[in-house]
């Protein structure tokens, strides 16, 4: 946890915004100047005082404030255990003390007004959070001093270590969670596989980024709606019907699924290069689908069932779920009202027979709404889908987890929504990401050069099993652990860096048990489990065992986790979570190798075991948000 915010709450400077104060607080280069320092030179003009005098006055004010906070903390602590689950702390105070209690809070200044309300809450979670915050302020600042125009803060790391570990123990797998999103809905459009086409390595990023954001928003109290916008419409289905009728084998397709469909689809394109009449026939069959022809629809739905059966197998391995599978075909009857509205508002223009929205004033090409033959396009369907989602879910945000190559497409139709007069265009977000490729280059469905995601998972699991066979000969249920490691390695590699970066996938790199990898994180979790299995935690705890740089680093990394979760949601970047978990693992492993845990005397051992338990909890919570298993043994 970065303590700058907590420190800024103690500082009142007339005419200066508290956020500006927080931005100036920094870690001093010299250790003799405290853990955090605020330079007061910028305030001299506003306050008409010398920086030295400003620092001295602030130090005096903060010392007095901390004394009042400690009195409040002690008063609440005395009655806190007596509070029933649905009663207020104020209920336990005599009437003649309630006003004094309120006045004590008021004397602390504006940031503490809400804290009084929260401490007085009858709702246990809010009350507990407020008490934790109050305890943090009461105990974590050891000393405040003014020195040469700087206001220096010295932290009581031992007290703060206990506060953080107590908080993790109390909240368990809800540590880092919040209700910040209560009452808000976030729609997330991710994965969006194409029916009858391979679920390939290129789908990895959209699938795991979207799923991680889905879990994270739910964790923060939002109502997340996961949408798999299926690619289940278009002339390719006419091509597939023609290919099936000419070269398909029902038994082979039932057995091999998408791979068999891919074979005949690739063959169609090769044959169509020599015989263009095949394309005419494909358009004919797609028209039959559009017209509701019974036989054509039966084949179309059969292709769809085969595809979903296969991809759901992969989704299950990736721990990915959806709330809606409304795809392109779902919006067939929802596009015309959008087209009519565009026309009524004078936004549709003719362009060589096609209908477009002119975006030249915004330095963009026109947004194509209808082809010259009246056919709709992706933008038409995306507009219809956005209006449907707004009406159905009344979303706070609607996220589109789609590769960066589609940047222009989203800018265009987002602008169209704005031009239509809807201010919720601001709530549409393109969550762009880079490409994943294997070391041999790009892929093409038409040419059959496809790397199936399932094959990548299988090979990674196979390699993980080989590692376990070599290093963990006595491990039970190696098959399950290998699955957890292999799949987890693939997901972690996709979620560790900023999503916009292109990734070249390497089996050896993602499966390494050393470095910044999924197996390294999972192994640290297993290490914590092993340590905790060898000794019981009793009530006799000596937190001085954590008064060292290594333990402080672990606690600091653990304390940073809730902010990382919030950042992941606010910036649509799951890597904040993966990197926060990595920081916890790296700090703990350094602590583990520097300090003997099990052999320590019981009070000291208990403190280190509590640190280990908190470490394990944060790792597991973080991995769960990312969609990765946390094995207890490896």
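Residue numbers (the working numbering): 51 to 684.
Beta carbons are placed, not taken as given, at the ideal position from N, Cα and C, and that holds for glycine.
Distance between beta carbons of residue j and residue i, contact taken as under 8 Å
| i | j | result |
| --- | --- | --- |
| residue 568 | residue 538 | 4 Å |
| residue 200 | residue 193 | Incorrect: roughly 14 Å between the Cβ atoms, too far for contact. |
| residue 245 | residue 280 | 6 Å |
| residue 202 | residue 84 | 3 Å |
| residue 282 | residue 378 | 6 Å |
| residue 473 | residue 445 | About 13 Å; that fails the 8 Å criterion. |
| residue 634 | residue 669 | 6 Å |
7 Å CB neighbourhood of residue i in its chain, flanking five on each side removed
| i | result |
| --- | --- |
| residue 437 | 388 |
| residue 385 | 426, 430, 431, 434 |
| residue 338 | 346 |
| residue 563 | 569, 570, 573 |
| residue 401 | 416 |
| residue 557 | 509, 510, 513 |
C-beta contact flag for residue i and residue j at 7 Å
| i | j | result |
| --- | --- | --- |
| residue 553 | residue 486 | yes |
| residue 361 | residue 545 | no |
| residue 60 | residue 75 | no |
| residue 609 | residue 630 | no |
| residue 71 | residue 58 | yes |
| residue 443 | residue 235 | yes |
| residue 591 | residue 656 | yes |
| residue 582 | residue 662 | yes |
| residue 405 | residue 419 | yes |
| residue 353 | residue 278 | no |
| residue 653 | residue 572 | no |
| residue 109 | residue 196 | yes |
| residue 319 | residue 502 | no |
| residue 678 | residue 540 | no |
| residue 356 | residue 307 | yes |
Spatial neighbours of residue i in its chain, beta-carbon cut-off 6 Å, leaving aside the 5 residues before and after
| i | result |
| --- | --- |
| residue 577 | none |
| residue 68 | 58 |
| residue 504 | 364 |
| residue 276 | 238, 264, 372, 373 |
Cutoff 8 Å; reference residue i; Cβ partners in own chain excluding five residues on either side
| i | result |
| --- | --- |
| residue 66 | 93, 96 |
| residue 515 | 528, 529, 532, 536 |
| residue 518 | 525, 528, 531, 532, 535, 684 |
| residue 79 | none |
| residue 113 | 194 |
Cα-Cα separation, residue i to residue j
| i | j | result |
| --- | --- | --- |
| residue 596 | residue 645 | 10 Å |
| residue 673 | residue 55 | 27 Å |
| residue 667 | residue 414 | 49 Å |
| residue 463 | residue 417 | 7 Å |
| residue 559 | residue 506 | 14 Å |
| residue 300 | residue 336 | 20 Å |
| residue 119 | residue 190 | 12 Å |
| residue 136 | residue 589 | With a pLDDT of 47 at residue 136, under the threshold of 50, the modelled position of that residue is not reliable, and no figure is offered here. |
| residue 274 | residue 265 | 8 Å |
| residue 565 | residue 292 | 51 Å |
| residue 374 | residue 447 | 16 Å |
| residue 380 | residue 489 | 37 Å |
| residue 660 | residue 651 | 14 Å |
| residue 422 | residue 344 | 28 Å |
| residue 238 | residue 508 | 28 Å |
| residue 574 | residue 639 | 7 Å |
| residue 627 | residue 636 | 14 Å |
| residue 296 | residue 622 | 46 Å |
| residue 598 | residue 520 | 36 Å |
| residue 334 | residue 351 | 17 Å |
| residue 106 | residue 604 | 34 Å |
| residue 611 | residue 602 | 15 Å |
| residue 475 | residue 561 | 42 Å |
| residue 117 | residue 103 | 22 Å |
| residue 647 | residue 665 | 14 Å |
| residue 303 | residue 676 | 34 Å |
| residue 63 | residue 641 | 40 Å |
| residue 331 | residue 349 | 15 Å |
| residue 73 | residue 396 | 48 Å |
heavy atom of the ligand NAP below 6 Å from residue i C-beta
| i | result |
| --- | --- |
| residue 574 | No copy of the ligand NAP occurs in the structure displayed, which carries no ligand at all. |
*Given 8 Å as the limit, is there contact between the stretch 477 to 485 and the stretch 447 to 454, that is, 3 or more CB pairs closer than that?*
Touching, yes, given that three or more Cβ pairs across the two stretches are closer than 8 Å.
*Just checking, does the stretch 452 to 466 make contact with the stretch 275 to 290 on the three C-beta pairs under 8 Å criterion?*
The stretch 452 to 466 vs the stretch 275 to 290: no contact.
*Would you check if there are 3 or more beta carbon pairs closer than 8 Å linking the stretch 466 to 477 to the stretch 428 to 436?*
A contact exists between the stretch 466 to 477 and the stretch 428 to 436.
*Can we say the stretch 391 to 411 touches the stretch 299 to 316, given the rule of at least three CB pairs closer than 8 Å?*
At 8 Å Cβ cutoff, the stretches do not touch.
*Evaluate contact between the stretch 220 to 237 and the stretch 263 to 278, counting only Cβ atoms and requiring at least three cross-stretch pairs below 8 Å.*
Output reads yes: the stretch 263 to 278 touches the stretch 220 to 237.
*If we count Cβ pairs, one from each stretch, closer than 8 Å, do we get three or more for the stretch 207 to 215 versus the stretch 317 to 329?*
Touching, no.
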